Amino acid sequence: MEQKGKDNREDVHVGTVASRANADGDEETDAMVNKKETNKKGKSTMSSLGRFIYDPQRKTFMGRSSDNWAKVAIFYFAFYLFLALFFSAVVAVFALMLPRNEPRYYNRRSTMGVRGHVNIGMGFRPQPSIYSNLILITNDEHQQTKIASSLRLFRDVFLLQRRTDNVEECTPQNPAARLPEGLACSFHWFKIVPTQHHPCSDENKYGFAEEKPCVLIKLNKIYGWTPEPGPLFPGSSRSRPPASVQHIKADITNKNANVYVTCSGAAVADDDVLSNLTYYSLLTLNGNSEYGGIPYYYFPFKNAPDHVQPFVLVKFNSLPKNRLITVRCQAWARNINHDTKHMRGMVIFQLYRTDDSENMSISEHKRSVISMSR
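13 is the number that the numbering used here gives to position 23 of the sequence shown; each next residue is one higher, with no gaps.
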């Protein structure tokens, strides 16, 4: 019995080993078969791709014969040609509907109209940096030359009329509104600053050499806008004029709708130290301590090629040292409303006079940047 059981165990062991051997053999066989099938599939895929690109039996390229490709090319060429011609025709019709030398909608009909008014925007120069409204006044010659060159560049580009064939002298009898199309009023820098002996001349570095800077105040160009005649400071105006310009009410008549410009401190503390200003403008060529202005007959702007926008130069004669002053300049006319939040009818900048331009107070500079962003 023992011998028989032993024989049975040996038979089972031999069978198990044989089964394992058969299993290993089957796995190797399956692996070889799978590898062959994979190789066949790879070759089949490459062969199919090659036949798709070019089939020598059917003589097709990417599934289409040469005749088929020619038809497709002709169709898409005609289709896109039609689209291009249609688009060009629409643009041409649209361009023909627009005026050539003026906007289709302007003044109160445009998006600039607010509560029945088109409010003039203002700007100032020099502005050495577009990121700050600070003008630094110093006794440093290098700094003086740098800021003077900024104003000189603006003058040379925007404030000189090099051609005289397209300009006429504007007067009360010949206002800009009556000029033929394409003609502009004769105006340039040297009408305000006629000689190099002028306090705001290039020779004097626009006043910066004496630490008495001249700041140019300008009105933005708005097509077709004209100042309206009537009371200069209507009772509905939320911005009251400085006391120093109250007397210019007497200058306003129904036939004299000039634009007046005044500058004052933006806050009471600034106004207390800001004094002794001189305005040079077409209304005050010899200088005026109360206001500057632009005559009504220089309006409206009509997009003439040689147009130069009139401006006012404000000379600050008595700036205190080491004191940052925020200046607010405003334009005054019956149809100009002032809005500090949106800077309508006004411009704000800052003046800082110091003996040391390199070591200017960081806190003062930060204040100027913050004020500009408001």
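C-beta: ideal position from N, C-alpha, C; glycine also. Please read all numbers here as calculations on a predicted model, not as lab measurements.
Simplified DSSP state of residue i, which is helix, strand or coil
i: Trp215; result: coil
i: Glu159; result: coil
i: Thr344; result: strand
i: Met(-9); result: Because the pLDDT of Met(-9) is 49, which lies under 50, any placement of that residue in the model is unreliable, and the number read from its coordinates should be weighed accordingly. Of the three classes helix, strand and coil, the one that applies to Met(-9) here is coil, per DSSP.
i: Gln320; result: strand
i: Ser191; result: coil
i: Phe148; result: helix
i: Ala294; result: coil
i: Tyr288; result: helix
i: Thr368; result: Because the chain in this structure spans residues -9 to 364, residue 368 falls outside the shown range and cannot be described.
i: Tyr269; result: strand
i: Tyr97; result: Before going on, a small fix: residue 97 reads as Asn here, not Tyr. Residue state, collapsed to three classes: helix.
i: Glu200; result: helix
i: Thr35; result: helix
Residue i versus residue j - alpha carbon distance
i: Ser435; j: Thr274; result: The question about residue 435 has no answer, for the chain in this structure spans -9 to 364.
i: Ile338; j: Asp329; result: 12 Å
i: Phe144; j: Arg115; result: 8 Å
i: Thr161; j: Ala74; result: 51 Å
i: Glu354; j: Pro310; result: For Glu354, the predicted structure reports a pLDDT of 48, less than 50, and the residue's modelled location is therefore unreliable. The matter cannot be settled from this model.
i: Met102; j: Val108; result: 6 Å
i: Asp262; j: Val205; result: 20 Å
i: Ala256; j: Phe148; result: 28 Å
i: Ala259; j: Ile137; result: 27 Å
i: Pro118; j: Val83; result: 44 Å
i: Asp345; j: Asp130; result: 7 Å
i: Phe180; j: Pro89; result: 34 Å
i: Lys61; j: Phe72; result: 17 Å
i: Met87; j: Ser78; result: 14 Å
i: Arg228; j: Ala321; result: Reliability fails at Arg228, whose pLDDT of 45 lies under 50, so the model's placement of it is uncertain and no value is given.
i: Val81; j: Leu272; result: 44 Å
Cut-off 6 Å between Cβ atoms - residues of its own chain near residue i, not counting five sequence neighbours on either side
i: Asp191; result: This sequence places Ser at residue 191; Asp is not what is there. So the qualifying residues of the chain are Val183.
i: Asn388; result: Any property of residue 388 remains undetermined from this structure, which presents the chain solely from -9 to 364.
i: Glu193; result: Gln186
i: Phe196; result: Here the sequence assigns Tyr to residue 196, which means Phe is not the residue at that position. Result list for Tyr196: Ala138, Leu141, Cys190 and Cys204, in chain order.
i: Pro165; result: Tyr287
Host alpha helix (DSSP H) of residue i (start-end)
i: Val80; result: Ser56 to Met87
i: Phe301; result: Unbroken run through Phe301 is the beta strand (DSSP E), Phe301 to Phe306; no alpha helix (DSSP H).
i: Phe180; result: Trp179 to Ile182
Residues that DSSP places opposite residue i in a beta bridge
i: Arg115; result: Leu206
i: Asp329; result: Arg334
i: Leu314; result: Tyr342
i: Phe51; result: Tyr44 and Arg54
i: Ile125; result: Leu341
i: Asn164; result: Thr161
i: Ala174; result: Val157
i: Asn278; result: Tyr269
Short CB-CB distance (under 8 Å) between residue i and chain D
i: Thr185; result: The structure shown has no chain D; it contains just one protein chain.
Boundaries of the beta strand (DSSP E) in which residue i is found, first to last residue
i: Val251; result: Val249 to Gly255
i: Ile284; result: Gly282 to Ile284
8 Å CB neighbourhood of residue i in its chain, flanking five on each side removed
i: Ser176; result: Gln151, Thr154, Val157, Glu158, Glu159 and Cys160
i: Leu267; result: Cys253, Ser279, Val304, Lys305, Phe306 and Asn307
i: Ile43; result: Phe51 and Met52
Contact set for residue i: own chain, Cβ-Cβ below 7 Å, skip 5 residues either direction
i: Gly113; result: Lys208, Asn210 and Val337
i: Arg142; result: Asp192
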